[in-house]
Each structure stands twice: as structure tokens, then as C-alpha cells.
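Asker: From first to last, the protein sequence lines stand for chains A and B.
In terms of the numbering used here, the first sequence has 332 at position 332, counting the first letter as 1, and numbering is strictly consecutive.
In terms of the numbering used here, the second sequence has 228 at position 228, counting the first letter as 1, and numbering is strictly consecutive.
Have a look at this one.
There are 2 protein chains.
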Amino acid sequence: MALVVIGGVAAGLSAAARARRRDAALEIVVLEKGTVISYGACSLPYFVEGRIREAGQLMVYSPEYFRKERRIDVRTGAQVVSISHPRRDVTLASGARVHYDRLVLATGARCDTSGIAGAGQPHVFTLHTVDDAVRLRRFLEEKRPRRAVVIGGGYIGVEAADALRRSGLRVTVLERSANVLRREDARFTEAVRIQLEEHGVELRCGVEVKAIEGGRVADVACDVVVVSAGFKPNVELAAEAGIAVGPTGAIRTDDRMETSLRGIYAAGDCAEVTHLVTGRPAYIPLGTTANKTGRVAGANAAGGRERFPGIVGTSIVGIFGMGFATTGLSVAQARAEGFRPVAARIQAKTRPAWFGGGNTTVELVADGATRRLVGGSVIGEEGAAGRIDVIAAALHSRLRVEDFEQLDLAYSPPFSPAWDPLLIAAQQLMKEL
Amino acid sequence: MALVVIGGVAAGLSAAARARRRDAALEIVVLEKGTVISYGACSLPYFVEGRIREAGQLMVYSPEYFRKERRIDVRTGAQVVSISHPRRDVTLASGARVHYDRLVLATGARCDTSGIAGAGQPHVFTLHTVDDAVRLRRFLEEKRPRRAVVIGGGYIGVEAADALRRSGLRVTVLERSANVLRREDARFTEAVRIQLEEHGVELRCGVEVKAIEGGRVADVACDVVVVSAGFKPNVELAAEAGIAVGPTGAIRTDDRMETSLRGIYAAGDCAEVTHLVTGRPAYIPLGTTANKTGRVAGANAAGGRERFPGIVGTSIVGIFGMGFATTGLSVAQARAEGFRPVAARIQAKTRPAWFGGGNTTVELVADGATRRLVGGSVIGEEGAAGRIDVIAAALHSRLRVEDFEQLDLAYSPPFSPAWDPLLIAAQQLMKEL
């Protein structure tokens with residue numbers, strides 16, 4: 001039996017490693033079109049900033065590691081140009097064919113700049129691969145640019161803005177929609193704006209960039225541009241092989257991460273998953289989901305019967321030391337999904353004042369019809385990750401607000417206030433329902 | 001309609017305030033036998049240590065605040081000596097009677113030192129009230145003792161040891177049972193021991209103290225003693241009035257916090273609650289539970305229909321900067337409750353190494369028969385509170401390990417590793433099941 005995995009980053013390598021653990025005899029080949037594997041894409045902004053010193057630190061494992069320790073044949077520079085499921089093989093750019101019995105697609109996503117004229121100029125960068133990050137950092141060191149524009153106010157865009165500002169540049173973020181961080185939430189966006197502006201980064205929403213001129217984007221003068229927009233799943237290879245693409249534009253999968261062709265699995269940034277709050281397909285590409293779906297795809301490709309139930313859309317981003325975390329749906333998103341959203345938003349201390357507690361803002365969103373929690377956000381210098389994770393766990397379990405309000409959370413002055421901000425928000429929400 | 005609340009600390013005042021919010025016309029009287037109300041008992045060790053400078057900071061609200069802002073008649077120095085439910089009144093030590101239609105018992109607990117000979121000596125203290133803390137701090141300042149013994153390795157005992165050590169004393173903790181922090185878990189106790197000893201505090205388990213000699217407890221020389229053992233719910237008043245006491249020795253309540261006598265509620269450290277993991281009555285007195293049960297008792301005493309489902313036994317204690325958090329049952333406790341416990345314990349980083357992550361230890365305990373999580377512990381310098389709260393939320397929802405393993409938790413390098421330690425522990429536990 002031969003397993004071929006297309007893609008050697010988070011999802012692909014999780015799949016390969018997990019398949020090996022399930023089946024010691026399986027022949028496993030990983031085909032990666034790039035030159036490096038197993039890098040932490042979420043770490044790239046921290047390399048640009050210099051917090052990660054060497055590009056080598058971005059790589060978690062080497063092809064040699066996989067070859068020796070896991071008996072997995074990882075081939076870099078191996079670009080797959082077509083899949084023939086009837087023949088059960090893939091064809092590489094070199095013309096060589098590789099046979100498979102099971103196939104895992106972990107083809108990832110790309111930053112598609114084709115809609116932006118002038119994106120090919122030498123001072124314009126994306127921040128998607130290790131190469132991108134190395135080129136950007138070298139440009140910063142060699143050319144010493146002073147003004148940057150970041151196109152796109154998603155996670156990477158905002159983190160890039162933070163990194164560029166810390167490197168001493170003046171930075172403007174241009175976001176096409178009215179809101180940042182993929183969250184339709186004006187107050188959340190306002191909190192992000194305040195944090196950015198307090199640290200010298202300008203945020204302009206509602207600005208669609210069609211062209212990058214020599215020293216200018218929209219009307220903002222700049223000498224370096226980072227494009228963090230046009231994120232698209234790499235589905236062409238799959239689509240040409242007859243694999244169904246779902247309503248989100250990513251590869252459709254079932255809860256075994258199997259695609260519409262039996263024996264072909266998909267995982268990571270190229271794949272659609274179920275959103276557990278809406279019950280509908282969603283495309284929210286994140287490293288955590290790539291790892292999890294890769295594991296499940298790999299286990300099942302190796303004969304297992306594992307299940308990936310879905311995601312609730314949890315994420316956090318650090319902006320100049322403040323955590324901005326969201327999970328589930330905002331009020332606007334819940335309304336668009338057919339819920340009758342009711343929300344409460346509170347400010348509270350993360351610890352007693354005499355223990356140096358800071359402020360945190362918690363919003364909870366429930367469906368008025370069922371009283372189920374459907375989303376939330378947490379902003380704070382400390383505790384934001386832990387608190388958003390509690391809300392995420394509640395979304396997984398479809399908790400109602402009255403149950404959430406009674407959660408038995410840990411309290412001790414060095415760690416939290418006697419009434420946790422989550423519970424204060426739940427009490428407020430109970431009044432609104 | 002008249003509501004009388006016996007007890008003016010966490011549960012009693014939560015009940016009174018909540019009743020007022022439900023019913024603006026209710027006559028509300030709070031009878032507190034002591035001289036101060038509304039103090040944070042969990043903060044007392046931090047007052048002893050000096051982190052809280054003034055005793056006044058321990059009080060959250062004054063009787064005047066309640067009188068003026070809430071129209072609640074809070075009487076201090078008002079000790080209730082008996083309850084007559086047929087007459088619907090309580091009798092004070094002064095002989096005066098106070099009529100009630102509804103009664104909330106928030107009589108708290110006490111530190112019963114009667115089993116220890118010599119506990120009345122001037123260098124022996126408990127740490128249960130503001131007075132206790134003020135007396136202990138004054139003793140430390142005036143007598144400058146150099147060696148302390150803490151009797152009891154529960155939360156307050158360990159926090160007192162931390163506070164005394166920070167004040168420059170040599171400290172030995174003597175615990176009667178084999179384990180500390182009410183957790184039957186030898187490895188958890190060992191981790192506490194290591195942390196204590198690294199900071200110069202000696203821990204001896206299995207030492208039952210029957211007597212305190214002049215300058216010595218057991219064979220440990222000392223010039224100050226803190227007794228943090230013999231914690232007992234104050235149920236005598238209730239029992240004499242014919243109110244049922246439950247199997248734990250605390251006042252029995254239903255999920256409305258009503259006692260066996262209709263119209264009389266109990267909340268806080270004097271009351272039993274349901275343990276949601278075992279489904280059985282439990283007595284785990286903590287400030288968070290006092291606040292929650294007080295709210296529910298107050299709402300229902302004022303004509304509401306609120307429910308307190310129960311607790312899962314979550315707590316955290318800080319020992320020299322390290323968080324020790326537990327929830328649900330340990331392996332030994334789960335076995336004693338009739339489960340077939342299976343556990344996994346892992347060590348992981350709280351953040352990527354290049355982001356300064358520290359170590360954390362996570363243990364998850366599941367029932368092998370149902371695969372449900374039944375408990376867990378988290379030890380770490382950061383993130384312990386947030387992570388134990390996620391496990392607590394899972395216990396509330398009766399999550400199975402395979403569901404917990406797929407939780408969509410937040411990830412970003414400044415906050416967490418791509419595989420959260422909770423998920424690594426769940427993956428390990430899946431292998432053990």
C-alpha cells in the first residue's frame with residue numbers, strides 16, 4: 001500500500017506522520033513543490049520583526065528527520081501537475097509519475113495578488129512562505145524603507161503591521177471591507193484600530209487596492225508594501241482531477257476528511273470543514289485546523305476511522321502586546337446565518353487591582369431563540385487566550401447561556417477575580433435575553 | 001415580605017443583593033455576627049504578606065453602601081442564636097427577635113482548632129477572618145518570629161506558607177493526610193512539594209498534630225503557628241431548627257439552594273452542592289461557589305426560579321508564582337467514586353521557545369467505561385487558570401476525550417503553541433483508553 005501526500009507543511013506532514021503511526025508497513029511519500037518543509041507559517045511575522053533570528057528556526061523538522069526517524073520519503077521541489085485517479089497516480093512537473101493507493105491533498109493556499117496591478121515590483125512582498133519572509137527581512141535590512149503599506153487587515157496583515165512598526169517603519173494598513181480580522185464587528189474593529197493607532201499604525205478600512213504605484217498605494221506614500229489579501233485555497237489540481245469543490249471555494253470534505261473521490265483526502269488550507277455553530281461548510285484556514293485535519297486525514301488514509309467534527313472558528317492575534325481573540329460568530333455574522341443574535345459586552349479586571357490586574361473586554365453572543373451561545377470575543381493583555389478557549393469549548397458543547405453562567409471556573413487572586421469576566425458577561429447576557 | 005439573611009460575607013451579601021434586584025419592595029435584613037462584612041477571605045494571605053497594605057482594602061462594600069445604595073439593612077454584631085421556623089423568626093444573642101418570610105442561611109464555616117491542645121496560645125493563629133489576618137500581621141511585625149509552622153496543607157495553608165516565607169520566616173507545613181490541596185494525587189503533591197522546597201518551605205505529609213507546645217509543633221521548633229485545618233461548616237443553628245444536614249456534614253440543599261424546610265435557603269461555605277461529575281453531594285467550600293449559590297438562593301428567596309446545577313470542583317492556588325490548578329477528580333478520587341479511571345500526564349511548553357514559553361504539566365483523567373473526562377490538573381507559571389477552565393467547561397458538558405481532543409482552541413505564537421498542551425494531553429489519553 002502506498003500513501004502519497006501532496007504538500008509538506010502543517011497538514012501534509014501531520015497526515016504523513018499520523019499515517020506512519022497507524023501503519024508501520026505503509027509506503028509514504030510526501031511531495032512538496034517548494035524547497036523547505038514543516039515551517040510555521042504563523043511565525044513568519046516574528047521572523048520579519050527579528051524575534052526569530054534565523055530562518056532555520058522556522059523549520060520544525062527536516063526531510064532527513066522524516067526519512068530517518070519516520071521512514072517517510074519527503075521530496076522537495078516536487079511539483080504535482082496532475083492527478084489521475086483512474087490510474088491512481090500523480091504526475092510531477094518533471095514528467096515522473098508516482099503511484100498511490102491513498103492520496104492526501106494538503107496543497108495549502110496562496111496569496112493571490114493577480115488582482116493588484118504592480119504587485120510584481122521589487123518593493124512588494126507577500127508573507128506566506130519562508131522565502132517571502134526572508135526576502136522581506138533582507139529588503140528591510142538592505143533598503144531601510146521608512147514607510148510601509150500593508151494591504152489586508154487579516155491576521156497576517158495585522159501581525160505584519162506590528163512587526164514593521166517594531167522595526168521602526170511608519171505603517172498604514174488598508175483593508176477592503178469595513179472590518180478587520182475576518183470579524184464583522186464594528187466595535188471589535190474599533191478596539192483594534194485604537195490599539196494600532198496608540199502604537200503608531202494607521203488603519204483605513206473600506207479601501208480596495210487595485211494598483212500599487214511606484215511610491216504610493218491609494219494615496220499613501222510608501223517604500224515597501226506587504227500584500228496580505230487575496231488568500232485562496234489551492235484547489236485547481238483537485239478540481240481538474242474531478243474532485244468536488246464546496247460552496248466556500250475550498251475542497252469539499254466529509255467528517256473523515258475524505259473528498260468526493262473515494263481514497264482521496266484533503267486537509268489544511270485547501271479544505272473546507274464544518275462550522276459547528278452553523279452546521280454549514282466553512283473555510284477558515286488556520287494552522288491549528290491544518291494540524292488537526294491532517295492528523296485525521298492521515299489516520300483514515302492509513303485505514304483508520306477517525307472523525308473531524310469541525311471547527312468553531314477560534315483565533316487570537318497579538319497586537320502590540322494585547323490579545324484580540326474571537327470564536328464563533330459576531331452579531332452580524334450570526335444574523336446573516338439566520339440566528340436571532342443577542343449580545344452582551346462587558347469590561348472587567350483580569351485580577352484584583354492590588355494584584356496588578358489589567359482590563360479585559362468580553363463579548364458573548366447568543367441565539368435568542370434557543371439561548372445557545374453562538375460566539376464571543378475577548379480582548380485583553382492577559383488571559384484572552386484562556387478565556388476565548390472556554391467560550392470555544394462551550395460552543396463545541398452547544399451550551400446555553402444559563403449553563404455557561406454557572407461554569408465552575410478557577411479563582412485565586414494571582415490569577416483571576418472572584419467573578420470571572422466570562423461569568424460577568426454571561427450574567428449581563430442573561431438580562432438581555 | 002421580609003427576607004432575612006444570616007451572614008454578611010460572600011454568599012450572604014450576594015443573596016441579599018440579588019434579592020433586591022429581583023424585588024424592589026422586599027424588606028431585606030442581613031445579620032452578621034462579626035464586626036466587618038463583605039471581605040475577600042481568599043485575599044487574607046496577601047494581606048499577611050503585605051501585598052495588600054491596609055485591612056480596609058479587604059472589604060469590598062460597607063454596611064453603609066448596602067443601606068444607601070441597595071436599601072439593605074446590614075447589621076453587624078448581630079449573632080443569631082436560634083431559628084424558629086414555626087414562628088418565622090430568628091432570635092439574636094441580645095434576645096431580640098427578627099421576623100422573616102424567607103430566610104437565607106449563609107453562616108459560613110470555621111476553622112475548628114478544638115482538637116489541637118494548646119491552640120489558644122498567643123502565638124497560634126487561624127486565617128479565616130479579617131481579625132485573624134490583622135492579628136497575625138501585627139504579631140509578625142511586633143514579635144518578629146523567625147520560624148513558622150503551618151498546620152494543614154489546604155489552599156489557605158499553602159498560601160499562608162508562601163506569605164510567611166516571603167515575610168522572611170522559615171516555614172514548615174504539616175499535613176495530616178498523604179496529599180495536599182484536597183487532591184488525592186501523589187504526583188500533584190510531589191510537584192507542590194518541589195515548588196515549596198525550591199523556595200525554602202518544608203512540607204511534611206502524614207503528620208497529625210494533636211498538640212502545640214510552647215516552642216514546638218510535632219518536632220519542629222517554631223515561634224508562630226498558623227492553623228489551617230479543621231475547616232467545618234457552621235450547621236449547628238440550622239440543625240437545631242430541624243434543617244437537614246447532608247452526608248457531607250454541610251446543610252443539604254436542592255438545585256434551588258432550598259433546604260429541607262420550605263422557604264429557608266442555604267448558600268456558601270455552610271451548604272452542600274451537587275458535584276456534576278459524580279452526581280453526588282459535595283462539600284468544597286470556595287469563594288466562587290459562595291458567590292454563585294448566594295445569587296441563586298437570593299433570587300429564589302425573592303420569588304425567582306433560578307437553578308444552581310452544581311460544581312465540578314475547580315480551584316487554583318499560586319505557590320511562589322506557579323499555578324497549581326485542579327478540577328473534577330484525580331485518579332484515586334475517580335476510583336473511589338466508582339469510575340474506571342484512565343489518565344495521561346504530559347509536559348509541554350506554554351508558548352514557542354523563541355517567545356519565552358515556560359513549562360506546563362497537564363493531566364487528564366477519563367472514565368474508561370464511558371470515555372468521559374472526569375478530571376484534570378494543570379501546573380504552570382502561565383496559562384494554568386485558562387487551561388483548567390477549559391477542562392472545567394468540558395466536565396460541565398460531559399465531553400468525551402475524543403471530543404475534547406478536537407476542541408478548536410486559539411493559537412498564535414505570543415499566546416500558545418500550535419498544539420495546545422490540553423490537546424497533547426488528550427491525544428496521549430486517547431492512546432491509553
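C-beta: ideal position from N, C-alpha, C; glycine also.
1) Decide if the segment 95-110 of chain A is in contact with the segment 266-278 of chain A; the criterion is three or more beta carbon pairs, one per stretch, under 8 Å apart.
2) The beta strand (DSSP E) that contains D89 (chain A), what's its start and end?
3) Is there at least one Cβ from chain A nearer than 9 Å to L181 (chain B)'s Cβ?
4) Pull out every residue of the segment 306-318 of chain B whose Cβ sits closer than 9 Å to any Cβ of chain E, in chain order.
5) Ignoring anything shorter than 3 residues, give me the beta strand (DSSP E) runs that lie fully in the segment 1-25 of chain A, in order along the chain.
6) Give a yes or no on whether 9 Å exceeds the smallest Cβ distance from R70 (chain B) to chain A.
7) Could you check whether the segment 295-306 of chain A touches the segment 377-384 of chain A, counting it as contact only if at least three pairs of C-beta atoms, one from each stretch, sit closer than 8 Å?
8) For the beta strand (DSSP E) containing I346 (chain A), list its first residue and its last residue.
9) Could you check what DSSP says for L430 (chain A) in three-state terms: helix, strand or coil?
10) Is there contact here, the segment 22-37 of chain B with the segment 422-430 of chain A, by at least three beta-carbon pairs under 8 Å?
11) On the three-state DSSP scale, how would you describe V36 (chain B)?
12) Taking only beta-carbon positions, decide if G294 (chain B) is within less than 9 Å of chain A.
13) Against chain B, does D131 (chain A) count as a neighbour if the rule is that its beta carbon must be under 9 Å from one of theirs?
14) Can you tell me the Cβ-Cβ gap for L433 (chain A) and F404 (chain A), rounded? I've got them flagged as a contact below 8 Å.
15) DSSP three-state label for A107 (chain A), please.
16) Do we get a CB-CB distance below 9 Å when we pair S377 (chain A) with the residues of chain B?
17) Just to confirm my understanding: we take Y283 (chain A), look at its own chain, exclude 5 residues before and 5 after, and list those with CB closer than 7 Å. What are they?
18) On a CA-only basis, which of A:W354, A:R387 and A:R70 is nearest L26 (chain A)? Give me that one, please.
19) Mind listing the chain B neighbours of D23 (chain A)? Cutoff is C-beta to C-beta under 8 Å, in chain order.
20) Output the boundary residues of the alpha helix (DSSP H) element that contains Y155 (chain A).
21) Please confirm if the segment 133-143 of chain B is in contact with the segment 223-232 of chain B, defined as three or more CB-CB distances below 8 Å between the two stretches.
22) Counting only C-beta atoms, is A393 (chain A) closer than 9 Å to chain B at any point?
23) Name the chain B residues that come within less than 7 Å of I388 (chain A), Cβ to Cβ?
24) Assuming F47 (chain B) and L58 (chain B) are in contact, meaning their beta carbons sit under 8 Å apart, how far apart are those beta carbons, in whole angstroms?
25) Around the C-beta of V434 (chain A), are 16 or more other C-beta atoms found within 10 angstroms, so that it is buried, or is it exposed?
26) Output, in sequence order along the chain, the residues in the segment 208-230 of chain B whose CB is closer than 7 Å to any CB in chain A.
27) Cα-Cα, which of A:E402, A:A109 and A:V150 is closest to L364 (chain A)?
28) Check distances from the C-beta atoms of the segment 316-337 of chain B to those of chain A and list, in chain order, the residues that come in under 9 Å.
29) Expressed to the nearest angstrom, what Euclidean distance is found between the alpha-carbon atoms of R256 (chain B) and I116 (chain B)?
30) Quick one, which of A:I319, A:A369 and A:P63 has its alpha-carbon nearest T76 (chain A)'s?
31) S416 (chain B) CB to nearest chain A CB: under 9 Å?
32) Going by other Cβ atoms of all chains shown within 10 Å of its Cβ, with 16 needed for buried, is T370 (chain B) buried or exposed?
33) Would you say the segment 208-222 of chain A touches the segment 181-198 of chain A, given that touching needs at least three Cβ pairs under 8 Å?
34) Report the partner residues of D322 (chain A) according to the DSSP bridge assignment.
35) Going by the beta-carbon positions, is the gap between A410 (chain B) and A2 (chain A) smaller than 9 Å?
36) Between which two residues does the beta strand (DSSP E) carrying T172 (chain B) extend?
Answerer: In terms of the structure at hand:
1) yes
2) D89 to L92
3) no
4) No chain E is part of this structure, whose protein chains are labelled A and B.
5) 2-6
6) At a cut-off of 9 Å, the C-beta of R70 (chain B) has no neighbouring C-beta in chain A.
7) Verdict: no, contact absent.
8) P341 to K349
9) Inspection of the sequence shows that residue 430 (chain A) is occupied by Met rather than by Leu. Reduced to three states, the DSSP call for M430 (chain A) is helix.
10) no
11) coil
12) no
13) no
14) With a Cβ gap of about 12 Å, L433 (chain A) and F404 (chain A) do not count as contacting.
15) A small correction: the amino acid at residue 107 (chain A) is Thr; Ala does not occupy that position in the sequence shown. The answer is coil: DSSP assigns T107 (chain A) none of H, G, I, E or B.
16) Not closer than 9 Å to any Cβ of chain B, the Cβ of S377 (chain A) fails to qualify, so no.
17) Excluding sequence neighbours, Y283 (chain A) sits near P233, T248, G249, A250 and E272.
18) A:R70
19) Those do not exist, as D23 (chain A) stays about 16 Å from chain B at its closest Cβ, beyond 8 Å.
20) Unbroken alpha helix (DSSP H) run through Y155 (chain A): Y155 to R166.
21) yes
22) yes
23) When 7 Å is used as the limit between beta carbons, I388 (chain A) is near these residues of chain B: A410, in chain order.
24) Sure, about 6 Å apart at Cβ, within 8 Å.
25) The structure shown does not extend to residue 434 (chain A), since chain A spans only 1 to 433, so no value can be given for it.
26) none
27) A:E402
28) I316, V317, G318, G321, G323, A325, T326 and T327
29) 37 Å
30) A:P63
31) yes
32) exposed
33) no
34) The sequence shown places Met at residue 322 (chain A), not Asp. Note: M322 (chain A) sits in a beta bridge opposite A:I319.
35) no
36) Its beta strand (DSSP E) spans residues R170 to E175.
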